[in-house]
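Trainee: If you use numbering that gives the first Met the number 0, the sequence shown corresponds to residues 0 to 495, in order.
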Amino acid sequence: MKRRKFIKKSGLGASSIFAGSSVVSFLAACGKGHMMDKMNMGGQPVSVKEGNFNRLLPIPTTVTGNATLTAQATTATINGNNIQVLGYQAKGLLGPTIRVNSNVNASINFQNNLSEKSNIHWHGLKIPAKMDGHPEDVVNPGNSFNYQFNVNQRAGLSWYHPHPDRATARQAFQGLAGLFLINDAEEAALNLPSGIYEIPLVIQDKRFSSSGITYSPSMGEVMSGYMGETITVNGEVSPFAEVTTRFYRLRMLNGSNARIYNLALSNNADLIIIGNDGGLLKNPSNVKNILLAPGERLDVLVNFAGLTAGTEVFLESKVFNNAGSAQGKQGFKILKFKITQTVSDSFTAPASLSSFNTVAPSSSSKTRNFIINAMQMSGGMNMTGMHRINGKTYEKNRIDELVAANTTEIWVFDNSQGDEPHPMHLHGVHFQVWERSGGRGQLIPSESGWKDTVLVMPGEIVKIIIPFSTLTGVFVFHCHNLEHEDDGMMLQYQLT
Ligand code: C2O
Ligand code: CU
Ligand code: CU
Numbered sequence: 000m001k002r003r004k005f006i007k008k009s010g011l012g013a014s015s016i017f018a019g020s021s022v023v024s025f026l027a028a029c030g031k032g033h034m035m036d037k038m039n040m041g042g043q044p045v046s047v048k049e050g051n052f053n054r055l056l057p058i059p060t061t062v063t064g065n066a067t068l069t070a071q072a073t074t075a076t077i078n079g080n081n082i083q084v085l086g087y088q089a090k091g092l093l094g095p096t097i098r099v100n101s102n103v104n105a106s107i108n109f110q111n112n113l114s115e116k117s118n119i120h121w122h123g124l125k126i127p128a129k130m131d132g133h134p135e136d137v138v139n140p141g142n143s144f145n146y147q148f149n150v151n152q153r154a155g156l157s158w159y160h161p162h163p164d165r166a167t168a169r170q171a172f173q174g175l176a177g178l179f180l181i182n183d184a185e186e187a188a189l190n191l192p193s194g195i196y197e198i199p200l201v202i203q204d205k206r207f208s209s210s211g212i213t214y215s216p217s218m219g220e221v222m223s224g225y226m227g228e229t230i231t232v233n234g235e236v237s238p239f240a241e242v243t244t245r246f247y248r249l250r251m252l253n254g255s256n257a258r259i260y261n262l263a264l265s266n267n268a269d270l271i272i273i274g275n276d277g278g279l280l281k282n283p284s285n286v287k288n289i290l291l292a293p294g295e296r297l298d299v300l301v302n303f304a305g306l307t308a309g310t311e312v313f314l315e316s317k318v319f320n321n322a323g324s325a326q327g328k329q330g331f332k333i334l335k336f337k338i339t340q341t342v343s344d345s346f347t348a349p350a351s352l353s354s355f356n357t358v359a360p361s362s363s364s365k366t367r368n369f370i371i372n373a374m375q376m377s378g379g380m381n382m383t384g385m386h387r388i389n390g391k392t393y394e395k396n397r398i399d400e401l402v403a404a405n406t407t408e409i410w411v412f413d414n415s416q417g418d419e420p421h422p423m424h425l426h427g428v429h430f431q432v433w434e435r436s437g438g439r440g441q442l443i444p445s446e447s448g449w450k451d452t453v454l455v456m457p458g459e460i461v462k463i464i465i466p467f468s469t470l471t472g473v474f475v476f477h478c479h480n481l482e483h484e485d486d487g488m489m490l491q492y493q494l495t
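Quick look at the structure:
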């Protein structure tokens, strides 16, 4: 229910609800207006300060599926400053891009040289539960774990990040993330722009201090999610890329903890959406702008043909509506493309990209409903547990949903009474988005293929269709606003 309604219905005065001292100081920190106005529990926007776009876009190094990732505290040069970060390699804000062909066996040795527990979750990979980086499957400081799995899925852009219970958001924000690219024959046959014409873009907002990356969410920032005032791409602040007058393929990940982007090009050129979380769409779709929520990926063709050398085009985020009190209020530039040279290019975007079945809702054997707006205030409000799914927060000893292997289900995420956006993510599966009612009231072009994360805006009810595999075991599903996740907005399903 809406918070204001809840407070009315609870029959409690505001003072008795807000008895916790952290809440009092949170409200005091707001320092403006009437009591009810101070209860902007959706949090405040963090405004973005654009950089100079004069540093070259770094491209993460690429490794095979036989790699070692060493989580460590290290120093990275960002915006010309030496900054303390967490990395999966020395001097790295982001880990290397793991690039494999479909059906290879990957063997990735994770060495934890942090001073705390960590693990790796392979976001987007359909792999056995034991290899998935469940929040309780952690690796102690100084120890290692060998992640071994077969990459049994189609081409697409996945990614990896830590997933220890209640530390995911901080570890990811301070630098631990990387891309996992899968190629296959269907994709190769399309002859899409490749090599230097295929550019990975990890878009993240960070909060820098002179020495490091600050992670200390206030209560309001647990509500809204933790946002940074600095936008980085591939770990550099406001960078530029040099391009020529031809097609490029941009492989984008929103690796931010909470910030949603409404991506567009400053010259109003089309973004040709060819893929998403789970790989290529059936057909491309041309848009002027598109939302990308934390955890989601986009595969996009852009065409710089016809522009003259010296032209600058920005990838930017435009303002957007109805995303709660903290998101979408500001437009800003993310990355500069500098046109350096005129070339000829005979590439045209293929009319058809991939073939796969659309799963019929009639094939579902069960529907599960999840209310994702609940905020419980019973027993005084704490710094945790404000975000819930069906009234519950994550409990490691409780299995919330038992799912039969090899069946298809419809899951419904109901944010109709909520006032914050929630990008909902399931481990262990890819799903199709069937329907959205309320809010935007329709699917967006990037939701037409296979997904693992779907944005549910305030007021929306989103139905997804999930064909479950035979990879039995315990998996989590959660909001990919990582502050919400660490706040407990995560449940477990067991595939049996
Ligand atoms: Cu990208 Cu459970 O996470
Ligand atoms: Cu995941
Ligand atoms: Cu959320």
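Just so you know, even glycine gets a beta-carbon here, dropped at the ideal spot from N, CA and C. Treat the numbers as computed from the prediction; the structure is a model and nothing was measured.
1. Which residues in the same chain as ASN104 place their Cβ atom closer than 6 Å to its Cβ, once the five residues preceding and following it in sequence are excluded?
2. For the pair the region 275-284 and the region 223-230, tell me if three or more CB-CB distances fall below 8 Å.
3. Strictly by DSSP, which residues pair up with ALA497?
4. Restricting to runs no shorter than 3 residues, where is the beta strand (DSSP E) found entirely within the region 224-258?
5. Considering only residues of the same chain and omitting the five flanking positions on each side of ASP413, which have a CB-CB separation below 7 Å?
6. Give a yes or no on contact between the region 139-146 and the region 106-116, applying the rule of three or more CB pairs nearer than 8 Å.
7. Go through its chain and collect everything with a Cβ distance to PRO44's Cβ below 6 Å, but skip five positions before and after it.
8. With distances taken between CB atoms, is the gap from THR469 to ALA403 smaller than 7 Å?
9. For a test of the three-state rule: what should DSSP assign to GLU394, helix, strand or coil?
10. Per the contact definition of three or more C-beta pairs closer than 8 Å, is the region 243-256 in contact with the region 288-304?
11. For GLY437, which residues in the same chain have their Cβ closer than 6 Å to its Cβ, ignoring the five residues on either side in sequence?
12. In chain order, what residues of the same chain have a beta carbon less than 6 Å from the beta carbon of SER447, not counting five sequence neighbours either side?
13. Along the chain, where does the beta strand (DSSP E) that runs through ARG169 open and close?
14. Please tell me whether, using a cut-off of 6 Å, the distance from the CB of HIS426 to the nearest non-hydrogen atom of ligand 2 is below it.
15. Please state the DSSP three-state secondary structure of MET489.
16. Considering only residues of the same chain and omitting the five flanking positions on each side of PRO57, which have a CB-CB separation below 8 Å?
17. Does any heavy atom of ligand 3 sit closer than 6 Å to the C-beta of HIS160?
18. Report the three-state DSSP secondary structure of TYR159 (helix, strand or coil).
19. Mark THR73 as exposed unless 16 or more other C-beta atoms lie within 10 angstroms of its C-beta, in which case mark it buried.
20. Whose C-alpha, out of GLU49, VAL47 and TRP158, is nearest the C-alpha of PRO99?
21. Return helix, strand or coil for MET35, following the three-state DSSP convention.
22. Apart from the five residues just before and just after ILE126, which ones in its own chain have a Cβ nearer than 6 Å to its Cβ?
23. Helix, strand or coil for SER364 per DSSP?
24. Mind listing, in chain order, the continuous alpha helix (DSSP H) runs of no fewer than 4 residues lying wholly within the region 389-440?
25. Counting along the chain, where does the alpha helix (DSSP H) carrying GLU186 start and finish?
26. Quick one: what does DSSP say TYR196 is sitting in, helix, strand or coil?
Mentor: Straight from the coordinates:
1. Looking up residue 104 in the sequence shown gives position 105. These residues qualify, in order along the chain: ASN149.
2. no
3. With the chain covering only 0 through 495, there is no way to say anything about residue 497.
4. 229-232, 238-243 and 246-253
5. Locating residue 413 in the sequence shown gives position 414, where the first residue counts as 1. Cβ neighbours of ASP413 beyond the five flanking positions: ASN368, PHE369, ILE370, ILE371 and ILE460.
6. yes
7. Translated into positions along the sequence shown, residue 44 becomes position 45. Cβ within range, chain order: ALA325 and LYS328.
8. Counted from its first residue, the sequence shown places residue 469 at position 470. Counted from its first residue, the sequence shown places residue 403 at position 404. The answer is no: Cβ separation not under 7 Å.
9. Indexing the sequence shown from 1 puts residue 394 at position 395. Reduced to three states, the DSSP call for GLU394 is coil.
10. yes
11. Indexing the sequence shown from 1 puts residue 437 at position 438. SER415, GLY458, GLU459 and ILE460.
12. Counting from 1 along the sequence shown, the entry for residue 447 is found at position 448. Sequence-distant Cβ neighbours of SER447 in its own chain, meaning closer than 6 Å and more than five residues away, are LEU280.
13. Your numbering for residue 169 matches position 170 in the sequence shown. Taken as a continuous stretch (DSSP letters only), ARG169 belongs to no beta strand (DSSP E), being part of the alpha helix (DSSP H) at 167-172.
14. As a first step, residue 426 is located in the sequence shown; it is residue number 427 there, counting from the start. Checking every heavy atom of ligand 2 against the Cβ of HIS426, one is found closer than 6 Å.
15. What you label residue 489 is simply residue 490 of the sequence shown in a count that begins at 1. Secondary structure of MET489 (DSSP, three-state): strand.
16. Along the sequence shown, read from residue 1 onward, the residue named residue 57 stands at position 58. Within the same chain, PRO57 has close Cβ partners ASN233, GLY234, GLU235 and PRO238.
17. What you label residue 160 is simply residue 161 of the sequence shown in a count that begins at 1. Ligand 3 never approaches HIS160 closely enough for any of its heavy atoms to be under 6 Å from the residue's Cβ.
18. For the purposes of this step, residue 159 is taken as the residue at position 160 of the sequence shown. If DSSP states are grouped into helix, strand and coil, TYR159 belongs with the strands.
19. Position 74 of the sequence shown, counted from the start, is the residue given in the question as residue 73. THR73 is buried by the Cβ-count criterion.
20. Locating residue 99 in the sequence shown gives position 100, where the first residue counts as 1. Inspection of the sequence shows that residue 99 is occupied by Val rather than by Pro. Looking at the Cα atoms, TRP158 is the closest of the given residues.
21. Counting from 1 along the sequence shown, the entry for residue 35 is found at position 36. Low confidence applies to MET35: its pLDDT is 30, below 50, so where it sits in the model is not reliable enough to give any reading.
22. Position 127 of the sequence shown, counted from the start, is the residue given in the question as residue 126. Counting only Cβ-Cβ distances below 6 Å, and skipping sequence neighbours, we find PHE148.
23. The residue you call residue 364 lines up with position 365 of the sequence shown. It is coil, neither helix nor strand.
24. none
25. Mapped onto the sequence shown, residue 186 falls at position 187. First-last of the alpha helix (DSSP H) with GLU186: 184-187.
26. Looking up residue 196 in the sequence shown gives position 197. Looking at TYR196 - three-state DSSP - the assignment turns out to be helix.
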